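Residue numbers (this note's numbering), protein chains in the order written: chain A, 10 to 292; chain B, 10 to 292; chain C, 10 to 292; chain D, 10 to 292; chain E, 10 to 292; chain F, 10 to 292. Contents: one structure, followed by commentary.
Protein chains: 6
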Amino acid sequence: MIKISELISFIEEDAPSGDITSLAVLPDKNCRAYIRAKSNGVIAGLEESAALFEHYNVSVKKLAGDGSFVRDGDTLLELDGSIHSILLVERTALNIIGRMSGIATNTWRITSEIKKINSGVKLAATRKTAPGLRNLDKKAVILGGGEPHRNTLSDQFLIKDNHLAVTSIADAIAKARAFSVYKKIEIEVESQGDAVTAAENGADIIMLDNMTPEEVLKTIDTLKSRGLRDTVILEVSGGINEDTIGEYAVLDIDIISIGALTHTVTNFDVNLEINHSLKTVIL
Amino acid sequence: MIKISELISFIEEDAPSGDITSLAVLPDKNCRAYIRAKSNGVIAGLEESAALFEHYNVSVKKLAGDGSFVRDGDTLLELDGSIHSILLVERTALNIIGRMSGIATNTWRITSEIKKINSGVKLAATRKTAPGLRNLDKKAVILGGGEPHRNTLSDQFLIKDNHLAVTSIADAIAKARAFSVYKKIEIEVESQGDAVTAAENGADIIMLDNMTPEEVLKTIDTLKSRGLRDTVILEVSGGINEDTIGEYAVLDIDIISIGALTHTVTNFDVNLEINHSLKTVIL
Amino acid sequence: MIKISELISFIEEDAPSGDITSLAVLPDKNCRAYIRAKSNGVIAGLEESAALFEHYNVSVKKLAGDGSFVRDGDTLLELDGSIHSILLVERTALNIIGRMSGIATNTWRITSEIKKINSGVKLAATRKTAPGLRNLDKKAVILGGGEPHRNTLSDQFLIKDNHLAVTSIADAIAKARAFSVYKKIEIEVESQGDAVTAAENGADIIMLDNMTPEEVLKTIDTLKSRGLRDTVILEVSGGINEDTIGEYAVLDIDIISIGALTHTVTNFDVNLEINHSLKTVIL
Amino acid sequence: MIKISELISFIEEDAPSGDITSLAVLPDKNCRAYIRAKSNGVIAGLEESAALFEHYNVSVKKLAGDGSFVRDGDTLLELDGSIHSILLVERTALNIIGRMSGIATNTWRITSEIKKINSGVKLAATRKTAPGLRNLDKKAVILGGGEPHRNTLSDQFLIKDNHLAVTSIADAIAKARAFSVYKKIEIEVESQGDAVTAAENGADIIMLDNMTPEEVLKTIDTLKSRGLRDTVILEVSGGINEDTIGEYAVLDIDIISIGALTHTVTNFDVNLEINHSLKTVIL
Amino acid sequence: MIKISELISFIEEDAPSGDITSLAVLPDKNCRAYIRAKSNGVIAGLEESAALFEHYNVSVKKLAGDGSFVRDGDTLLELDGSIHSILLVERTALNIIGRMSGIATNTWRITSEIKKINSGVKLAATRKTAPGLRNLDKKAVILGGGEPHRNTLSDQFLIKDNHLAVTSIADAIAKARAFSVYKKIEIEVESQGDAVTAAENGADIIMLDNMTPEEVLKTIDTLKSRGLRDTVILEVSGGINEDTIGEYAVLDIDIISIGALTHTVTNFDVNLEINHSLKTVIL
Amino acid sequence: MIKISELISFIEEDAPSGDITSLAVLPDKNCRAYIRAKSNGVIAGLEESAALFEHYNVSVKKLAGDGSFVRDGDTLLELDGSIHSILLVERTALNIIGRMSGIATNTWRITSEIKKINSGVKLAATRKTAPGLRNLDKKAVILGGGEPHRNTLSDQFLIKDNHLAVTSIADAIAKARAFSVYKKIEIEVESQGDAVTAAENGADIIMLDNMTPEEVLKTIDTLKSRGLRDTVILEVSGGINEDTIGEYAVLDIDIISIGALTHTVTNFDVNLEINHSLKTVIL
């Protein structure tokens with residue numbers, strides 16, 4: 010779902026009083042322009058960029074779909090309209106595509122590595138997104154084949170150490186369930202014992218936080234021995250990076266969540282080129 | 010300048026219907042909490058975080074100042090207030106500090122490397138920021154000792170290839186100057202000849218785009234031979250990274266601008282801990 | 010979580026150019042005023058009203074807590090401040106309290122009736138709220154002891170007939186689970202067969218829609234006979250009112266959801282009185 | 010006048026991160042859908058609903074007009090467009106139509122009863138509307154044949170007891186008139202004497218508040234005996250309901266105002282059905 | 010009623026990325042500053058300016074009240090706070106005071122001239138205000154002793170030639186009255202005959218548009234001869250300026266309205282001075 | 010760049026609950042209307058007005074371009090659409106055109122006078138604009154042939170007496186340059202000595218504030234004698250009006266800036282007429 014007013018706010022951030030260079034230097038005319046990939050990867054942000062260009066009366070032909078794999082040189086969008094409008098939107102569109110495709114590509118890449126090891130394990134994002142970009146960042150994760158995880162503080166229970174400092178696992182789960190049965194209950198634990206208690210009390214998801222692969226393995230064994238492994242979804246989290254992810258992926262877990270998916274983003278390179286050879290009309 | 014409504018919008022993004030876990034599980038009480046650095050670097054985003062906590066009636070004591078160098082373990086903010094409010098703001102505050110400090114730290118690190126080579130060269134950011142975060146990203150660059158460069162399309166002329174495809178350098182500069190003399194005129198050029206023409210026509214800043222160090226050197230020599238070097242600010246840009254930056258920094262240039270400063274950010278690790286041992290009062 | 014800008018927008022709706030009667034007729038002075046209940050019931054909206062009065066610099070002493078049972082004549086809030094400000098906020102505050110307490114009281118009343126019959130059954134609201142008032146309406150349901158159910162289209166899967174016209178139950182559940190394991194999957198069914206299929210395929214919640222008590226009973230029996238009853242939460246919905254609710258409440262179900270809880274609201278009567286006998290100071 | 014940004018905000022309230030069920034389960038395709046009445050009454054909210062669907066690129070054919078009387082089963086809107094968009098808007102549109110038509114229908118019904126007794130008396134709403142829905146609620150009253158009364162604190166003088174505690178009737182009217190002659194002056198009175206004083210001092214409208222029919226009758230007689238009846242509009246208000254309204258409607262009054270018209274609303278039942286038999290195209 | 014978010018938006022308009030001069034040049038410190046009048050006249054905008062300074066944590070002592078007459082050199086506000094904050098708000102506050110006081114002073118001056126001639130005539134503003142400043146412009150008129158007239162299209166009926174081209178005076182008045190009796194009905198007429206018709210049909214206010222003083226006189230005589238003069242408020246409007254206003258003011262009219270009051274504004278000169286001699290503390 | 014949401018907010022300001030006169034009195038129908046100039050001058054605001062009418066589905070044919078010279082009687086816009094929509098937008102559109110054309114015409118007129126004396130001198134606006142109308146006011150200045158000057162506190166350094174009370178000219182310039190080389194540095198000075206110091210230290214622009222023509226002349230001579238005249242742009246400002254502007258324009262300066270261009274505006278007269286003779290269709 011495109012929130013067009015939010016996208017327009019990005020343009021107004023970039024041009025509070027308009028694009029003075031184009032206003033001063035460039036007679037307005039219609040032209041054709043192309044947005045092209047300059048790297049290989051999973052593309053994202055085309056829908057948002059197209060909506061923005063269209064808001065400023067630029068026609069858009071989509072030559073690639075969000076979530077598809079593109080290669081360096083591929084044309085993604087073909088644009089026809091006022092050169093003033095195209096240059097006004099250019100940087101914002103490239104910033105959106107660059108960030109979202111960077112997230113999607115990285116998600117896809119790590120997911121591919123995990124799948125080679127264990128097809129039953131999914132890669133999840135966290136709430137460590139850029140402020141104001143929660144939905145775009147999570148959408149990029151989905152387009153890259155990742156699991157979005159909790160979107161906000163409002164859509165799932167996630168009981169952490171700060172909650173458990175005040176109340177017991179059993180009590181916390183009971184209270185959450187009493188509040189609403191329509192949302193899953195996840196508990197973050199740091200010990201085998203707490204994992205067992207959480208499972209026994211009916212947690213839907215258990216996050217094994219900051220455990221070594223060995224500790225995770227022992228916890229799984231303990232859960233299995235008590236017949237609790239299949240009653241819960243197991244997520245491992247905390248300090249896992251590409252070097253160590255393989256050691257977790259081999260285990261009988263369901264989810265590996267990594268904050269870096271959205272907080273440490275590598276931009277995906279795209280550019281916009283105007284075709285000046287086309288016959289154009291001064292507006 | 011803190012835009013408090015923008016900061017609040019980040020909270021509303023993260024909790025459209027409130028923090029259901031705390032609401033369900035945790036009796037509201039006053040507590041003390043600490044935000045601590047988990048890495049070494051230049052800290053940023055404390056002012057914004059403090060403003061947010063204070064908006065939700067949490068008292069804040071600042072133990073470090075934005076722009077200062079902090080070490081892993083340093084306490085940055087001491088918080089006193091409702092545990093519900095502290096947990097509501099926690100993730101947003103950490104996301105702001107994490108991103109801004111990541112940018113500030115990276116800016117400071119690269120700037121330090123440049124300064125070792127040539128104290129006359131500054132590191133500049135670009136408009137390749139996260140959508141919606143232009144001001145926070147640029148502020149982080151400044152706190153890291155960087156040059157913010159053009160903030161928006163409205164505050165400087167930057168004449169690029171798409172403008173020059175339609176008009177000449179001389180004409181573009183003349184039109185920009187006629188539009189307003191209160192804003193600097195920068196031209197992006199890709200050849201020595203264009204650099205000379207730009208300088209001859211009174212450009213304030215010349216961006217040497219995608220040139221090799223050798224090409225930059227020749228361009229500087231040509232400008233010097235015509236007595237034009239000191240009439241302009243020289244910026245080099247385009248595909249420069251940490252491996253190659255030294256080859257440019259030795260040259261007689263003024264600015265090196267790098268998009269990655271804000272589009273490819275490494276999060277700075279911070280956390281929030283609640284002191285549960287303190288005597289607390291159920292609200 | 011109070012969204013103060015939303016509450017202020019209600020005042021600006023009610024006074025786009027200020028309260029002209031008070032401006033014209035009434036010298037501004039400080040006074041004390043009381044908000045009092047004029048009926049018996051579960052009160053709600055005090056937190057929101059207090060936040061609004063405080064925004065306009067009126068001091069508020071809370072004499073009752075949201076969610077508590079109050080009686081006709083009970084004083085709820087004691088206000089001290091500018092009479093202009095108190096009259097500016099009066100109607101909006103009373104409208105908020107009136108609607109929210111109406112919802113809370115009705116929820117509490119019906120819940121009490123259900124509990125007499127079957128303490129294991131909860132009363133749930135739906136998304137049939139007043140446009141723009143989702144959070145306030147749902148909060149009122151919670152304060153009245155109800156189950157809020159899905160808050161938005163974003164926080165739970167609810168697969169309905171329009172989805173199932175295109176895809177099978179098994180396929181829909183599989184796709185939802187593949188999209189995210191962090192949100193519960195509910196399916197709306199109108200037949201015993203579909204209920205069994207949904208349970209077999211791992212639905213978390215099954216909504217028995219527009220079934221008679223007899224049909225619900227048979228469906229439960231069938232699920233039980235296959236050992237599926239305890240694997241799902243059972244919600245009954247559709248055309249249930251206070252006359253018929255008892256026939257459902259006796260059954261082995263978990264939830265009864267009723268749209269009327271929020272779409273057909275009876276206002277709870279409250280008023281505001283100014284104490285003119287107190288010594289006041291012309292501002 | 011449709012405020013489209015306000016309507017869109019209702020959608021964003023209902024889908025802060027999109028409609029995850031449709032995204033996960035349903036391939037997007039074009040389809041046709043119908044909104045149909047499920048009760049008899051005066052319909053309202055079609056204009057707002059149509060504007061919302063059109064904003065999300067769904068074509069709308071209006072088969073009934075706001076303010077017309079419709080019957081159970083009547084088709085109100087025919088929709089053609091993306092099934093994702095139709096399902097995104099569905100609940101919000103139904104909530105708008107349900108509330109507005111509920112108000113319009115009730116207004117029409119009570120007005121009809123009054124007209125049978127006394128065609129000179131109109132039924133008026135108050136400012137006791139749902140917060141944020143003032144304009145929609147008042148529009149529904151107008152569509153139902155009611156008198157909207159004062160829309161806000163800014164568009165009419167209404168002098169109440171809290172004003173009169175500080176100043177006299179004569180003084181208050183004089184001050185209001187001095188403030189502006191472009192807005193009518195209404196006074197709320199609770200005694201015959203005050204009614205006479207108000208009329209003598211040139212009030213445009215007198216609200217007889219919380220009077221029994223006998224008291225109203227005596228007040229009218231007194232006003233008539235002094236030749237003041239025809240100089241003012243007489244409104245009766247306060248605790249009037251459908252059981253007692255007839256006792257007031259027979260009197261020589263102009264307006265009966267009832268808060269319940271907008272604060273105690275019975276939803277009007279409408280639904281949306283998708284025609285799955287039509288040939289559809291996967292987008 | 011101060012709308013603080015609107016006032017803050019003026020600051021954000023003036024400093025989209027902060028006040029770079031102060032940030033770069035000036036260590037932040039506390040200081041005292043004064044806003045002083047540089048002309049004689051009726052002051053306005055102090056309440057708005059004070060609210061803005063206070064929002065940015067600057068303490069304000071009001072030394073003059075809105076609507077009072079001040080002289081060149083009078084101190085209006087005394088400010089204590091961060092010099093960064095004071096300079097941030099300075100220009101916006103001065104622009105608000107300058108415009109509002111300019112309007113108030115001009116209103117007061119022309120009103121004074123009218124009162125010398127005919128104390129029964131009031132000077133009214135129109136809707137010809139600066140876009141976005143309706144409330145501030147109208148408030149300034151009120152502070153200057155003027156009549157604000159209709160504030161918006163929503164708060165009064167004003168039937169003009171474009172309405173009367175489609176319907177008759179009698180019909181238009183009847184329809185307006187049927188729509189709502191709570192708002193006054195004004196008719197703009199250009200002939201004696203229409204004025205009589207309007208009065209006969211119960212218009213509350215008649216605007217004699219673009220008539221010469223002689224035509225107005227004749228119209229009044231005609232109305233008087235039919236006993237209609239005292240049933241209506243008479244407003245003259247259209248092309249009246251300070252040279253001609255005296256010719257209208259002598260007549261038996263109630264209101265003279267002039268668009269120039271708000272569309273052709275002369276700024277009132279005020280300035281802000283910082284007291285650098287006070288001992289200040291670097292923040 | 011049109012900010013459509015800002016323009017719509019002007020309509021919502023003028024009609025918070027719609028245009029009740031048209032709603033009550035006028036059947037909606039399509040009609041044609043014209044906006045015509047009623048004076049001679051440089052027109053502005055047509056682009057904004059057209060965007061507003063089009064937002065409300067009124068077709069617009071532009072018969073004049075912003076910035077062109079028009080004469081009394083010239084048709085500027087031809088409108089086709091719903092009479093309700095045209096009347097809804099009418100006043101806002103006329104207010105925009107009236108203010109912007111007033112500014113543009115005055116700018117053009119004074120600029121013409123200056124050019125007769127000295128073609129090298131430009132007329133500049135200041136930040137003394139109507140709150141909220143910075144961009145529209147500055148755009149009008151540009152359309153009138155003026156120099157917009159600094160748009161906001163964020164886009165240029167302007168070092169004033171309040172900054173220099175704390176730091177020296179040399180230091181202030183150095184700090185500004187260290188902050189960013191991408192923005193020009195202007196210094197406001199009141200003495201020859203400070204002008205020289207500013208030029209010696211590399212100021213880009215020197216504003217000679219509140220100097221007599223003689224003082225300006227001496228300052229220029231001093232700068233010339235030191236070879237500094239051509240290194241800076243010279244702006245004169247402060248108390249210059251149309252009577253005295255000629256005395257400055259003869260001097261070797263670059264810019265004369267006048268706050269009155271935007272703070273003391275004379276409205277440009279335009280009107281809107283509906284062609285009632287055309288065959289129209291009741292909607």
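C-beta atoms are modelled at their ideal positions from N, C-alpha and C, and glycine is treated no differently. Quantities reported herein were computed from a predicted structural model and do not represent experimental measurements.
Selection of the segment 26-41 of chain D by Cβ proximity to chain A, strictly under 8 Å: Residues S26, G27 and D28.
Let me check one thing: in DSSP terms, what residues is M216/D bridge-paired to? Paired residues: E197/D and E244/D.
Give, in chain order, every residue of the segment 135-160 of chain E whose Cβ lies closer than 8 Å to some Cβ of chain D. Taking 8 Å as the Cβ-Cβ cut-off against chain D, the residues of the segment 135-160 of chain E that qualify are I151, E156, P157, H158, R159 and N160.
Measuring straight from C-alpha to C-alpha, what distance separates T228/D and T253/D? Our two residues, T228/D and T253/D, have alpha carbons roughly 18 Å apart in a direct line.
Return no unless some Cβ of chain B is closer than 8 Å to the Cβ of K124/C. Taking Cβ atoms only, chain B never reaches closer than 8 Å to K124/C, which makes this a no.
Run of the beta strand (DSSP E) containing F277/D, from where it starts to where it stops: Where F277/D is concerned, there is no enclosing beta strand (DSSP E), because DSSP gives it neither an H nor an E.
Can you look up T116/E in the DSSP assignment and give me helix, strand or coil? Looking at T116/E - three-state DSSP - the assignment turns out to be helix.
Thinking C-beta only, is L35/A closer than 8 Å to H172/B? For H172/B and L35/A, yes; Cβs fall inside 8 Å.
Interface flag, Y43/C vs chain A, CB-CB below 8 Å: No, because no Cβ of chain A sits closer than 8 Å to the Cβ of Y43/C.
Spatial neighbours of G154/F in its chain, beta-carbon cut-off 7 Å, leaving aside the 5 residues before and after: Answer for G154/F: T116, W117 and T120, listed in chain order.
What is the residue span of the alpha helix (DSSP H) that T231/E lies within? Unbroken alpha helix (DSSP H) run through T231/E: P222 to S234.
Using a C-beta cutoff of 8 Å, does E22/A count as contacting chain I? Among the protein chains in the structure shown, which are A, B, C, D, E and F, there is no chain I.
Is the distance from the Cβ of S110/B to the Cβ of G54/B below 8 Å? Cβ atoms of S110/B and G54/B: closer than 8 Å.
Decide if E219/A is buried, meaning its Cβ has at least 16 other Cβ atoms within 10 Å, or exposed. According to the sequence shown, residue 219/A is Asn rather than Glu. N219/A counts as exposed, since fewer than 16 other beta carbons sit within 10 angstroms of its beta carbon.
Going along the chain, which unbroken runs of the alpha helix (DSSP H) with 4 or more residues stay wholly within the segment 77-152 of chain E? Complete alpha helix (DSSP H) runs here, min 4: 92-126 and 143-152.
Quick check: is the beta carbon of Q201/C nearer than 8 Å to any beta carbon in chain A? With respect to chain A, the C-beta atom of Q201/C has no partner C-beta closer than 8 Å.
Tell me where the beta strand (DSSP E) around A42/F begins and ends. A42/F -> beta strand (DSSP E) spans N39 to A46.
So, is S177/D buried or exposed, given that buried needs 16 or more other C-beta atoms within 10 angstroms? By the 10 Å Cβ count, S177/D comes out exposed.
What separation, rounded to the nearest whole angstrom, lies between the Cα atoms of K125/A and F188/C? CA-CA distance, K125/A to F188/C, rounds to 20 Å.
Three or more beta-carbon pairs under 8 Å between the segment 270-288 of chain A and the segment 94-109 of chain A, yes or no? By the Cβ test, the segment 270-288 of chain A is in contact with the segment 94-109 of chain A, since at least three Cβ pairs between them sit closer than 8 Å.
Does the distance from the CB of L103/C to the CB of L85/C come in under 8 Å? The answer is no: Cβ separation not under 8 Å.
Residues that L61/C contacts on chain D, provided the C-beta gap is smaller than 8 Å: Correct list: empty, because the minimum Cβ distance to chain D is about 10 Å.
Determine the contact status of P140/C and L142/D, defining contact as a CB-CB distance below 8 Å. Cβ atoms of P140/C and L142/D: closer than 8 Å.
Nearest CA to the CA of A149/F: which residue from A258/F, V51/F and S163/F? Taking the Cα of A149/F as reference, the smallest distance to any Cα among A258/F, V51/F and S163/F is reached at V51/F.
Just verifying my parser: in three-state terms, what is the DSSP assignment at G202/E? DSSP places G202/E within a helical segment (H, G or I) once states are collapsed to three.
Specify, as a first and last residue, the run of the beta strand (DSSP E) that K302/B falls within. Past the boundaries of the shown model lies residue 302/B; chain B is included only from 10 to 292, so the question cannot be answered.
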